[in-house]
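Trainee: What follows is a structure written as structure tokens; I'll ask about it next.
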Ligand code: SF4
Ligand code: SF4
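This is the structure we're talking about:
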């Protein structure tokens, strides 16, 4: 074991990436010329040299959590019917790789026997992304992993092509307003407190400087992080530090709790917001962030019936009204957020009254050349 | 209820919720976790109480400052430590390598793996007692922990040339290139910055790596002019009824495609093409990305930042991804000098004026600054509701639940 400081501080990076590739891919790098869809999660890659590879896309359990046992069985299946290489996609799916359609179907069959599903290409649900929430996160408000599980139980039918949808669909579920998965999914579900915080008067001192003298030189972190400037620190009579929270200005972002475990919220008001219209590809109306459709609905674990029903309603509306190939995000932008809210009869308050502006992001910000 | 009764009630309720989460058609995370040494009690009591049971914890690993996160439960009974491990660019694993990682996770950890986390790395739950030796073990496997703290995080690329026919440059090589670029590589362990820095590389405007939203510096493959058309192939597809010209015209969001009987069916106006990829995805390989390949550089995107989530703003169109190094280092040094803790680069550009800041260091770019940054509305995904508002939304949702049955 090396105890040399500078040696031990150095990272050992897995480079060059070509070391992780099988020969079949290395010899076709940048030479892919076409692809064919075989349905149910299998696609064929055809190279200009005439080689064929098949990827079988398999959906992961929520939060892409696997036991080492399951992954070992995956590796065995891949060794038996594939080219000995697995890939984890950026959306958390697992791709098996094979060199024939017959073997790909055998892989699909094997993973289905284990209770997994293949799918997620073309006009289907590509993934429901989830952060870790109650599994290991300190700032989680709602447990995104269990919400994701019930959503997958309900909407897995769109992943496997059992039921069709107009275009590709991405959903992401975040346990708190930090929304680690980002806002470029067609539907984004975000857990939040729905209320302004208070604090544990006994313990809040642990997050504050001991003496009010410190206030003269620095703003305590819990005060500084608030984006709405609703927390203020003051000198108490006994020369210690106290804080005050202005509920009127608070947006329940939870950032104060991020840096101080003794900020507390009334957990009976926890709910989720639902955003729509996010998209990361430049197709259609282009890349954009999702916007708030509904700022808050209550949640009822463990079946989360409210979230499931509302998402089914949104998807049905899209299915019934989109043109073929039109993503949910593009559909909502075409008709306008207000119209969409009206069609669903959603109450509009100051939290969801923004209108989509027709703005173009990504490379569309450059002049056409 | 005595304390003990309360504990029992929580544990019963938790067990019921876990049971529910193991039912249903989709593979369950609970079923996976139960096969591991993860303290499932921490999860089930969190679910029963309706609150995460984790507080920040601490761990010390000699001379390793980034790449792991420690937690402890509120009642102090359980602790958790996880490693964030660098994936190779493209996230491909020979099964032989994957098995070694699985053995590693059993030997030094809990046998529980999040194959790809939201930040991009592989998350392996560890046994805190063996974390120090585990560092040497993971390094012996040819990778390492990283991707936490106020420094360069794990960079990301789309699958690019390894499996994708649209890829306009080698995104995997680009990630390797920047991760190993000395000023970056040498600081992967040093928390020097106000907050984190991420680079992402997408091979084409589909932006599978989410370079325009989730990266402080995003690279997106693009081209000049119109897409490249193989007229013979296109006519073939039309003849075989694989492709409809009307659909091609209708689906182009730029309105750049029109009918042209002489050339083989269509005409594409290069002055209009927004590189939306619609025609390419529909007609590939008869229509492909154009031959004059470029890389668009965007800056200031992020999810987590003082002023909320942002989309990246346009900096320049490069001939080669490597051309952005000096520019990136200059922007980072301005940010490092003048920004408070937890401000992302996008927050700085927002405060100090994007164009002004970018122009000030534009001489470090071999190409001109161009483009018009789109103004962005602030998105607030949370809300503080009045009782009346809360009631309004509750009533509304009740109706939908009724409509769809329980
Ligand atoms: S929840 Fe957010 S807005 Fe409200 S006090 Fe805390 S930091 Fe400020
Ligand atoms: S961003 Fe483009 S090149 Fe990269 S994987 Fe996606 S479609 Fe292919």
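Chains as they are written, first to last, in this note's numbering: chain D, 15 to 383; chain R, 3 to 408. Backbone N, C-alpha and C define an ideal beta-carbon position, used for all residues, glycine too. These figures come from a predicted structure and were not determined experimentally.
Counting only the same chain and skipping the five closest in sequence on each side, list residues whose C-beta sits under 6 Å from that of residue 199(R).
Mentor: 154 and 218
Trainee: Say the cut is 6 Å; is the CB of residue 208(R) nearer than that to a heavy atom of ligand 2?
Mentor: yes
Trainee: Please work out which residues of its chain come closer than 6 Å, Cβ to Cβ, to residue 231(R), disregarding the five sequence neighbours upstream and downstream, and give them in chain order.
Mentor: 289
Trainee: Quick test of your reading: residue 296(D) and residue 278(R), contact by CB under 8 Å. State the CB separation rounded to the nearest angstrom.
Mentor: 5 Å
Trainee: Does residue 291(D) come within less than 7 Å of chain R when only Cβ atoms are used?
Mentor: no
Trainee: Counting Cβ pairs closer than 8 Å, one from the region 246-261 of chain R and one from the region 208-224 of chain R, do we hit at least three?
Mentor: no
Trainee: With three or more beta-carbon pairs closer than 8 Å as the criterion, would you say the region 39-51 of chain R touches the region 79-90 of chain R?
Mentor: Yes: the two stretches touch, three or more of their Cβ pairs being nearer than 8 Å.
Trainee: Are there 16 or more other CB atoms within 10 angstroms of the CB of residue 93(R), so buried, or fewer, so exposed?
Mentor: Classification for residue 93(R): buried.
Trainee: From the DSSP secondary-structure annotation, give me the bridge partner or partners of residue 170(D).
Mentor: Bridge partners of residue 170(D): none, in fact.
Trainee: Rounded to whole angstroms, what's the CA-CA distance from residue 47(D) to residue 114(D)? Just pull it up for me.
Mentor: One C-alpha to the other measures close to 17 Å.
Trainee: Beta-carbon of residue 374(R) versus every beta-carbon of chain D: anything under 7 Å?
Mentor: yes
Trainee: Check whether the Cβ atoms of residue 303(R) and residue 379(D) sit closer than 7 Å, and answer yes or no.
Mentor: no
Trainee: Please compile the residues from chain D whose C-beta is within a distance smaller than 7 Å of the C-beta of residue 360(R).
Mentor: Residues of chain D passing the Cβ test: none, with the nearest at roughly 12 Å.
Trainee: Chain D partners of residue 280(R), CB-CB under 8 Å?
Mentor: 297 and 298
Trainee: So with Cβ pairs under 7 Å, would you call residue 418(R) a contact of chain D?
Mentor: Only positions 3 to 408 of chain R appear in the structure, and residue 418(R) is not among them; the question remains open.
Trainee: Just the Cα atoms here: how many angstroms apart are residue 149(R) and residue 401(R)?
Mentor: 45 Å
Trainee: Rounded to a whole number of angstroms, what is the C-alpha to C-alpha distance between residue 327(D) and residue 403(R)?
Mentor: 10 Å
Trainee: Between residue 187(R) and the rest of its own chain, which residues show a CB-CB distance below 7 Å, the 5 nearest in sequence each way excluded?
Mentor: 181
Trainee: Measuring only the C-alpha atoms, how far is residue 96(D) from residue 353(R)?
Mentor: 52 Å
Trainee: Got a sec? Which residues, its chain only, sit under 7 Å from residue 91(R) by beta carbon, not counting five neighbours each side?
Mentor: 159, 174, 177 and 178
Trainee: Based on the DSSP secondary-structure assignment, which residues constitute the bridge partners of residue 230(R)?
Mentor: 290(R)
Trainee: For the alpha helix (DSSP H) containing residue 185(R), name the first residue and the last one.
Mentor: 184-187
Trainee: What three-state label does DSSP hand residue 171(R) in the structure shown?
Mentor: coil
Trainee: How long is the line joining the alpha carbons of residue 122(D) and residue 132(D), rounded to whole angstroms?
Mentor: 7 Å
Trainee: Does the region 265-284 of chain D come into contact with the region 235-249 of chain D, if we say contact requires no fewer than three beta-carbon pairs (one atom in each stretch) closer than 8 Å?
Mentor: yes
Trainee: Let me know the secondary structure DSSP gives residue 283(D) once reduced to three states.
Mentor: Correct three-state label for residue 283(D): helix.
Trainee: Is residue 166(R) a contact residue of ligand 2, with contact defined as CB to any heavy atom under 6 Å?
Mentor: Remark: the C-beta of residue 166(R) is in contact range of ligand 2, defined as less than 6 Å to any heavy atom.
Trainee: Under the rule that 16 or more other beta-carbon atoms within 10 Å means buried, what is residue 178(D), buried or exposed?
Mentor: exposed
Trainee: Using the Cβ count rule (16 or more neighbours within 10 Å means buried), how would you classify residue 233(R)?
Mentor: An exposed status is given to residue 233(R), since fewer than 16 other beta-carbon atoms sit within 10 Å of its beta-carbon.
Trainee: List the endpoints of the continuous alpha helix (DSSP H) containing residue 1(R).
Mentor: It is not possible to answer for residue 1(R), since the shown part of chain R is limited to 3 through 408.
Trainee: Within the region 319-378 of chain R, note down every full alpha helix (DSSP H) run reaching 4 residues or more, in order along the chain.
Mentor: You should have 327-340, 347-354 and 356-362.
Trainee: Taking only the alpha-carbon atoms, compute the straight-line gap between residue 88(D) and residue 97(R) and give it to the nearest angstrom.
Mentor: 9 Å
Trainee: Could you please tell me which residues of the region 264-279 of chain D, in chain order, have their CB closer than 8 Å to any CB of chain R?
Mentor: 264, 265, 266, 267, 268 and 275
Trainee: Bridge partners of residue 48(D), per DSSP?
Mentor: Beta-bridge partners of residue 48(D) (DSSP): 60(D).
Trainee: Listed in chain order, which residues of the region 313-327 of chain D have Cβ atoms closer than 8 Å to some Cβ of chain R?
Mentor: 315, 316, 317, 319, 320, 322, 323, 324, 326 and 327
Trainee: Just to confirm, does residue 161(R) get its C-beta within under 6 Å of one of the non-hydrogen atoms of ligand 2?
Mentor: yes
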